[in-house]
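In what follows, a single structure is set out as structure tokens and then discussed.
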Amino acid sequence: MSSSELFWNASLEELKQGYMFDQHVYTCLLCGKQTEKGIVYSEKEVFYEAERFMRRHIEAAHESVFSYLIQLNKKLTGLTEHQNSLLQLFYEGRSDSEVQKELGIGSASTIRNHRFALKEKERQAKIFLAMMELLKEKDRHAPSFVELHQTATMVDDRYNITHDESEKVIGKYFPEGPQGALKSFPLKEKNKLVILRELVKRFSSERKYTEKEVNEVLKQIFHDHVTLRRYLIEYGFLDRLPDGSEYWVKA
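Heads up: the sequence shown begins at 3 in the numbering used here, then just goes up one per residue.
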């Protein structure tokens, strides 16, 4: 199961802690990094057991689970920019008067009203989650959709694709199999997404790449490696430093 699938299928408690445990392995839900129970990990001459090292990883790589989640695309969180700013300041422990001054809006009582609105949104979310869980038990005709990757930059109808449709696209564009060469790069956005999901699997999330190394990987897949590299970044699968000196898996 991909890190995106693990993320979207995780329980609320697992999302809050940022990792899940299964079959002696702790997996970071934010990036897919794993640690194995029973193994001792060291960092700067300090030794950690697997779960503590996973928590240390989340702090070092993602700052906190909250910081990671609040930076997700607003179509994934359902938050407006204003609500996003409020939550960030509340998480920092700011008082209502401090938040009011920081945002320059209304008064302290206005901020209190925003808190109430967010609480109402939380209640609605709980009811909706319960309804969706109950629906899963009855809806036998629901298709299995391809999960969104958390770092998606464009969340729209292009993600309306099922696993069956995805497999057909992979078979069409990778005639020698997913590990082979790409026959052509599709024009249809849905198909591009499927192809890019496969391409990013050729890169390790555990390391950084130079532009030359990225190009070498992509050249083995398709002659127009520049186009592939551009779309991998545009769709939020890869990220890079402004000067292009380092690339890494973002999804």
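All C-beta atoms, glycine included, are put in the ideal place defined by N, C-alpha and C.
If you compare alpha carbons, which of 228, 140 and 199 is closest to residue 160? The residue labelled residue 160 in the question sits at position 158 within the sequence shown. The shortest Cα separation from residue 160 among 228, 140 and 199 belongs to 199.
Can you name the start and end residues of the beta strand (DSSP E) that residue 70 belongs to? Counting from 1 along the sequence shown, the entry for residue 70 is found at position 68. Here residue 70 belongs to no beta strand (DSSP E); instead the alpha helix (DSSP H) covers 67 to 72.
Alpha helix (DSSP H) segments (min. 4 residues) lying fully within the region 168 to 253: As far as the region 168 to 253 is concerned, its whole alpha helix (DSSP H) runs of at least 4 residues are 191 to 201, 213 to 221 and 227 to 236.
Since residue 30 and residue 21 should fall inside the 8 Å C-beta cutoff, what is the C-beta to C-beta distance between them, to a whole number of angstroms? Along the sequence shown, one-based indexing puts residue 30 at 28. Along the sequence shown, one-based indexing puts residue 21 at 19. Right, the Cβ-Cβ distance comes to about 5 Å (below 8 Å), so this counts as a contact.
Beta-ladder partner(s) of residue 109, from DSSP: For the purposes of this step, residue 109 is identified with residue 107 of the sequence shown, where counting begins at 1. Beta-bridge pairing links residue 109 to no other residue.
Let's see if you can read the secondary structure: which residues bound the alpha helix (DSSP H) around residue 93? Here residue 93 corresponds to residue number 91 of the sequence shown, with the count starting at 1. Counting along the chain, the alpha helix (DSSP H) containing residue 93 begins and ends at 83 to 93.
Status (buried if at least 16 other CB within 10 Å, exposed otherwise) for residue 129: By one-based count along the sequence shown, residue 129 stands at place 127. Exposed is the call here.
According to DSSP, what are the bridge partners of residue 30? The residue you call residue 30 lines up with position 28 of the sequence shown. Per DSSP, 21.
Straight-line Cα distance separating residue 35 from residue 102: Here residue 102 corresponds to residue number 100 of the sequence shown, with the count starting at 1. Here residue 35 corresponds to residue number 33 of the sequence shown, with the count starting at 1. So the alpha carbons of these two residues sit roughly 39 Å apart.
When the distance is taken between beta carbons, is residue 187 closer than 9 Å to residue 155? Here residue 155 is taken as the residue at index 153 of the sequence shown, counted from 1. Here residue 187 is taken as the residue at index 185 of the sequence shown, counted from 1. Taking 9 Å as the Cβ cut-off, residue 155 and residue 187 do not qualify as a contacting pair.
Separation of residue 88 from residue 114, as counted between CA atoms: Position 112 of the sequence shown holds residue 114. Position 86 of the sequence shown holds residue 88. Answer to the nearest angstrom: the Cα atoms are 11 Å apart.
Grab the span of the beta strand (DSSP E) containing residue 49 for me, first residue to last. Residue numbering aside, residue 49 sits at position 47 when the sequence shown is read from its first letter. First-last of the beta strand (DSSP E) with residue 49: 48 to 51.
Nearest CA to the CA of residue 175: which residue from 201, 111, 68 and 139? For the purposes of this step, residue 175 is taken as residue 173 along the sequence shown, with counting starting at 1. Here the closest residue by C-alpha is 201.
Proximity below 9 Å, CB of residue 78 to CB of residue 150: Working through the sequence shown from its first residue, we reach residue 78 at position 76. Working through the sequence shown from its first residue, we reach residue 150 at position 148. Yes. Within cutoff.
On the CB-based measure, 16 or more other CB atoms within 10 Å of its CB, does residue 99 come out buried or exposed? Looking up residue 99 in the sequence shown gives position 97. Around the CB of residue 99, fewer than 16 other CB atoms lie within 10 Å, so the residue is classed as exposed.
Exposed or buried, residue 40, counting other C-beta atoms within 10 Å across all chains shown (16 or more means buried)? Counting from one through the sequence shown, the residue named residue 40 turns up at place 38. Its Cβ having fewer than 16 others within 10 Å, residue 40 is exposed.
Do you know offhand how far residue 62's Cα is from residue 206's? As a first step, residue 62 must be located in the sequence shown, where it is residue number 60. As a first step, residue 206 must be located in the sequence shown, where it is residue number 204. Whole-angstrom Cα-Cα distance: 19 Å.
When you compare the region 158 to 172 with the region 141 to 150, are there three or more beta-carbon pairs, one atom per stretch, that lie closer than 8 Å? yes
Compare the beta carbon distance of residue 60 and residue 105 with 9 Å and say whether it is the shorter of the two. Position 58 of the sequence shown, counted from the start, is the residue given in the question as residue 60. Position 103 of the sequence shown, counted from the start, is the residue given in the question as residue 105. No.
Could you tell me the alpha carbon to alpha carbon distance between residue 248 and residue 180, rounded to whole angstroms? As a working mapping, residue 248 is identified with position 246 in the sequence shown. As a working mapping, residue 180 is identified with position 178 in the sequence shown. Cα to Cα, residue 248 sits roughly 26 Å from residue 180.
What are the start and end residues of the beta strand (DSSP E) that includes residue 44? As a position in the sequence shown, residue 44 is number 42, starting the count at 1. It spans 42 to 45 - the beta strand (DSSP E) in which residue 44 sits, taken as one unbroken run.
For the beta strand (DSSP E) that contains residue 37, what are its first and last residues? As a position in the sequence shown, residue 37 is number 35, starting the count at 1. Where residue 37 is concerned, the enclosing beta strand (DSSP E) stretches over 36 to 38.
Integer-rounded CB distance, given that residue 231 should sit under 8 Å from residue 217: By 1-based counting over the sequence shown, the position of residue 217 is 215. By 1-based counting over the sequence shown, the position of residue 231 is 229. Yes, they are in contact, since the Cβ atoms of residue 217 and residue 231 sit about 7 Å apart, within 8 Å.
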